[in-house]
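Here is the structure we will look at, set down as structure tokens.
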Amino acid sequence: MTAISGGKSGYHHGDLRNALITAAVELATDGGPEKVVLREAARRVGVSPTAAYRHFAGQADLLYAVKVHGQQALADSMEQAAAEAPRSEDPGEAAELRLAAIGRGYVRFALRQPGLYRAAFCSPHLISDEKEWGGVTPAGTEPEYRAFVLLTDALDALVASGRMPEGNRPAAEAAAWAAVHGLCMLILDGPMRRLPDPVREVVVERTVAMVTAGLIAP
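For the sequence shown, UniProt numbering gives the first residue as 1, with consecutive numbering after it.
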């Protein structure tokens, strides 16, 4: 992400909305969704709050834009992890390796970008008429749902390859997502936050392995 410098020279003329989003993402990265304040984003960019309100109906709308950015960044991390995963000529094994990899990518993003991760799953009270997805299949086609689509595609590939019984497929995305997301929150805000790095890595690997094994079990 390109940092925005202070003052009006910090953004290109006509691109104030994106400049404000960038500033807000930086605020979230530093301190989570509660730090995303429209006035502070305007100050960082070097414009008045009045100018910022021409692009966002209120603070919740700005936070929603940060939420979307966080979801996209999460999907990027999952895709990168999948690209780095070991390869296999066997379709079933390849699908299993990909599922495990995107799970690791999910956790990796949460641990490296905790503020933005929390923002990705915050619940802004929108002033506009934005419609939020209810968290069930199928997700929308909007870019912010790409992380969930990556998961559903990986599960479908497991079934198509014969690695995962068709009877295990219903609600599998919800179970896998809940397990990995829950682990992230336990590490970030729960009793696992004090785990030494080596122990934490073992816990992450064990959780991903458990989820994968449970999904493909006969």
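Using N, Cα and C, we set each Cβ at its ideal position, and we do this for glycine too.
Proximal residues to residue i (C-beta, below 8 Å), its chain only, five neighbours per side dropped
i	result
residue 210	179
residue 127	Low per-residue confidence applies at residue 127: pLDDT is 49, beneath 50, and the placement is therefore not dependable, though the value from the model is reported in the following sentence. Hits under 8 Å: 57, 58, 60 and 61.
Proximity winner among the options, relative to residue i (alpha-carbon distances)
i	options	result
residue 96	182, 162 and 122	162
residue 166	218, 65, 82 and 26	218
residue 55	19, 88 and 119	19
residue 65	89, 157 and 17	17
residue 201	75, 74, 31 and 108	108
Buried or exposed by the 16-neighbour rule on C-beta atoms within 10 Å, applied to residue i
i	result
residue 206	exposed
residue 44	buried
residue 173	buried
residue 124	buried
residue 115	buried
residue 49	exposed
residue 214	exposed
Same chain, Cβ closer than 7 Å to residue i, neighbours up to 5 away in sequence not counted
i	result
residue 91	161
residue 110	117, 184 and 188
Spatial neighbours of residue i in its chain, beta-carbon cut-off 6 Å, leaving aside the 5 residues before and after
i	result
residue 183	207
residue 176	211
residue 25	66 and 69
CB-CB length for residue i against residue j, believed under 8 Å
i	j	result
residue 158	residue 99	6 Å
residue 35	residue 28	6 Å
Contact test: residue i Cβ vs the ligand MG heavy atom, cutoff 6 Å
i	result
residue 67	The ligand MG is not part of the structure shown, which contains no ligands of any sort.
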